[in-house]
Every structure is written in structure tokens, then in C-alpha cells.
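This is the structure:
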């Protein structure tokens, strides 16, 4: 076994390496690793991940398949969007909303114009924030009143369809 001193590290650097290794060995399990599907899951946004708010998702990527989170707002919205085959990416904030998902819904364009790219990381981050804010304004959340009205209208259509089928 090779010791740290054989790597010609200074005493200070050896201590830093030991400290780092010790932290890794004593590292607490992250909450999302407790999921039974963790080892085979490829979903970029995990409802158990404490950093999920900083993640993004494309409609062709996996969605959490844990039955524990089947009714989680983000998972429900992801499933709706993935059926539509949308382009662009969706942030956690975009997905964690009660919105109507229609055919043609688009995420944020990940491409950066060359003129913006040359201006630096702060300008790029600002551009992405503007794009997200614009998307959020264009896709307002549904209120409970709107949800009730939509359900009632659906029930009326369903009843009308049943009566029509009985007439045939």
C-alpha cells in the first residue's frame, strides 16, 4: 500500500487529503439515496433530492417511477409534458406548478446566441433567468375555481356523449 508521504506531498497537503478521505468515508447518506429505485433510476429530477430546485429536465428524459411520488406535482407535470414531445428544457419551478399542458408546449431554448456567450457567465445566467420568467408569465397556474369549472365542463361533455350513444 502506498502512503501519502510517498506521493511527495507536503505535510499540510497530506493532512488535507486525509481530511477529505475521512469526510468521504463519514459522509451521511443523501435523502434520495434512500429510494429503492435509486440504483437504477436515471431521472434528472428526483422528488427526494434536496437540490432538485437547481435541476432541469428535457421531455425525452426519464421521470421518477416511484409509486410513492406518482402524485407529486413535478412528476405529474413531467408525465403530461413527456406525452407531448416538447422541445427545450424545463426547470423545477416550471414543473412544480398546476398548469394546463397542451400540445405544442415548449420549454426554454437552451441555445445561447454567440453575441451573448462572449459577454460572460453573468450575462448568460441573466438570459436564462429572463427566459424562465417569460415562460412562467406565459403559463399561469390554474386556480381551484378554474380547475372546478374545467371538471364540470368535462362532466357535461361526458354526459352529453353518453346520451348521444344511447340514442344511436
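In this note's numbering, the protein residues as written are 9 to 176. All residues carry an ideal CB built from backbone N, CA and C; glycine is no exception. Fair warning: this is a prediction, and the values are worked out from it, not measured in the lab.
Across the set 123, 164, 107 and 75, the C-alpha of 107 shows the shortest separation from the C-alpha of residue 151. Counted as a single uninterrupted DSSP element, the beta strand (DSSP E) harbouring residue 99 occupies residues 97-99.
An exposed status is given to residue 75, since fewer than 16 other beta-carbon atoms sit within 10 Å of its beta-carbon. If you draw a straight line from the Cα of residue 43 to the Cα of residue 50, it is about 13 Å long. Around the beta carbon of residue 94, 16 or more other beta carbons sit within 10 angstroms, so the residue counts as buried.
Distance between residue 64 and residue 53, taken at the CA atoms: about 7 Å. Bridge pairing for residue 65: 98 [DSSP].
Given a length threshold of 3 residues, the segment 122-155 has no whole run of the beta strand (DSSP E) inside it.
Note that the C-beta distance between residue 143 and residue 122 is not below 9 Å.
Contact between residue 91 and residue 113 fails: their C-beta atoms lie close to 10 Å from each other, not under 8 Å. Within the DSSP bridge table, the entry for residue 116 names 97 as partners.
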